[in-house]
Amino acid sequence: MVCAIALSLAYPVREYIAQRQEIASLEHKERVARKQVEELSQRKQQLGDKSYIEREATRRLHYCRPGVKCYIVLDGGGGNGEQKRQGGPASRPPWYETLWRSVEAADRAR
1 MVCAIALSLA
11 YPVREYIAQR
21 QEIASLEHKE
31 RVARKQVEEL
41 SQRKQQLGDK
51 SYIEREATRR
61 LHYCRPGVKC
71 YIVLDGGGGN
81 GEQKRQGGPA
91 SRPPWYETLW
101 RSVEAADRAR
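In my numbering, the protein residues as written are 1 to 110.
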């Protein structure tokens, strides 16, 4: 009799445990989704702020507002503006020179 009761309760208990695991998994997914929604709403609020947009335009796009002196350092090596070329290996030309040379070479008649 005890075995029959145990066997008759085995399937419902197994289903109950599986459902509890599924509920825990869905609750975790909900927490992750809520966190993502919160982060996106904060990002939306940031993007609505005019001063944030101006800072990002200055930082990313090197935008300079009228009346403001902006400087861009092209060579971060320091010094007094003179490039040292003493006995070192020949440096590669910048990428745009290489690109332009390839365009000129392709344009030449053969």
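Where is the CB? At the ideal position from N, CA and C, for every residue including glycine.
Residue range of the alpha helix (DSSP H) that includes residue i
i	result
Y11	2–48
V103	95–107
Whole-angstrom C-beta distance between residue j and residue i, which should lie under 8 Å
i	j	result
I53	H62	Not confirmed; about 15 Å, so no contact.
Inter-residue spacing [alpha-carbon to alpha-carbon] between residue i and residue j
i	j	result
L47	R101	41 Å
Y11	I23	18 Å
E97	S51	37 Å
L40	H28	18 Å
T58	S91	31 Å
C64	L99	28 Å
V103	V68	37 Å
L26	L74	52 Å
Q45	S8	57 Å
A6	Y16	15 Å
K35	W95	42 Å
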